[in-house]
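First the structure, in the form of structure tokens, and then the observations on it.
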Amino acid sequence: MNPFVIYGAGCQGVALLRLLAQSPSSPSVHCFIDSHPAKQGQTLDGCPVYAPDYLLELREKDPRVAVAAGGHYSVIRRLLEKLGFEENTHFYDATPRPLKYGETIPEFSELHDQVRRHTLLSEDRLGILYQLACQANHVPGDAVEVGVYKGGTALLMATALKNSTQQIHLFDTFCGMPAAKPDVDLHRAGDFSDTTAESVSSLLQNFNNIHLHPGLFPDSLPRDWHNHRFSLVHIDVDIFSSTLACCRYFYPRLNPGGVMVIDDYGFPSCPGVRKAVDEYFNNCDQRPLYLPTGQALIYQCQPNACNCHKP
Ligand SMILES: C[S@@+](CC[C@H](N)C(=O)[O-])C[C@H]1O[C@@H](n2cnc3c(N)ncnc32)[C@H](O)[C@@H]1O
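For reference, each letter of the sequence shown is one residue, going 27 to 337 in our numbering.
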């Protein structure tokens, strides 16, 4: 049997040892390896800690090395490769990762299975949007999406809001992207034209609170929306002019506790989105909260729109 070794005798390595000990089918751990001299020669939960040179002695027994050393993985990978070990054959990154949202919430996992065929968004971004839509149940105002395409994120929002009285307004040309600014945007007019308002309507036929607004935003805004206020606004329009128009219209009309989610803020494929958001919130006391998913969130924490952005 190949000896099983944990590289990293810090808290992550010890946590891995204890996790493996809980499962009878896991290999028993032969030793820890750590480059820190103070750790070498110790035992942790009865398991000895050796210097990296010890791996050379183990080489002929063809060891398997689980690296549990957080941000040091790339340094350790280089060292192991120098010793002749191959990534994913002899060693792998076993640094503990947080659970994905779907692994903790079974209802989201099922919904993700329904939605993923109709959306461009990755599971982590859908998880964020779903949680925000669930919170929006408790905030007065309607929900909005600008940038619907085939309706995947709209289906997600509608499901999260299914028990509320909120209306859900969906804005899109439903025939592709409008003209973009070639000096700022990478998308071109006509991208995402393989959809129709009818197909989105059919996808959402089980919901009775859906309103489609086909056409170019903001021209497609209903004329009688004088005092409309919003709980949740999902902006997924990919280009500068559309993003700026959405910020200008919706941010001042968010109810307290409401949130605006801007997709693609951190993606190099949509540089115009970040430019528009930064330009709009420049010099404002509200700053977008940037998430590692690439989305940006703007909460309305104040009882009234801030002084710089009045409706
Ligand atoms: C990336 S797609 C949306 C993806 C969708 N949320 C999903 O779940 O996959 C971008 C959409 O924004 C729409 N769009 C961009 N600017 C627009 C504007 N000013 N008015 C209406 N629709 C717009 C495009 O037609 C396109 O369908």
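Beta carbons are placed, not taken as given, at the ideal position from N, Cα and C, and that holds for glycine. Remember, predicted model here, so these are calculated numbers, not experimental data.
Check	Outcome
Nearest-angstrom Cα separation, counted from Ile288 out to Gln312	15 Å
Proximity test, Phe293 beta-carbon vs ligand 1 heavy atom, cut-off 7 Å	no
heavy atom of ligand 1 below 7 Å from Asp264 C-beta	yes
For Met286, the three-state DSSP class (helix, strand or coil)	strand
Any non-hydrogen atom of ligand 1 closer than 7 Å to Asp220 Cβ	no
Cβ contact check for the region 113-123 and the region 84-94: 3 or more pairs under 8 Å	yes
Start and end residues, alpha helix (DSSP H) containing His335	Segment: none, His335 is in no alpha helix (DSSP H) and carries neither H nor E.
Rounded C-alpha distance that separates Pro282 from Ile324	11 Å
Contact under 8 Å by Cβ, Ser61 with Ala77	yes
Nearest to Lys108 (by Cα), restricted to the options Gly128, Thr121 and Leu81	Leu81
Buried versus exposed, by CB contacts within 10 Å (16 or more), Pro314	buried
Where Val170 falls: helix, strand or coil (DSSP)	strand
Pro204 CB to nearest heavy atom of ligand 1 below 7 Å	yes
Burial state of Thr269 (16 or more Cβ within 10 Å)	buried
Given Pro208 as reference, the closest of Arg123, Glu224, Glu129 and Gly298 once Cα atoms are compared	Gly298
Start-end ranges of the beta strand (DSSP E) lying completely within the region 142-229, minimum 3 residues	168-172 and 194-198
Continuous alpha helix (DSSP H) stretch holding Arg104: start and end	Tyr99 to Lys108
Classification of Met357 by the beta-carbon crowding that lies within 10 angstroms, buried from 16 upward	The chain is shown only over 27 to 337; residue 357 falls outside these bounds and no answer can be derived.
Inter-residue Cα distance where the pair is Ala47 and Asp290	42 Å
Sequence-distant residues of the same chain with beta carbon closer than 7 Å to Pro244, five excluded per side	Ala271 and Tyr275
Gly153 to Gln161 span [Cα, whole Å]	13 Å
Bridge partners - Cys327, DSSP secondary structure assignment	Per DSSP, none; premise fails for Cys327.
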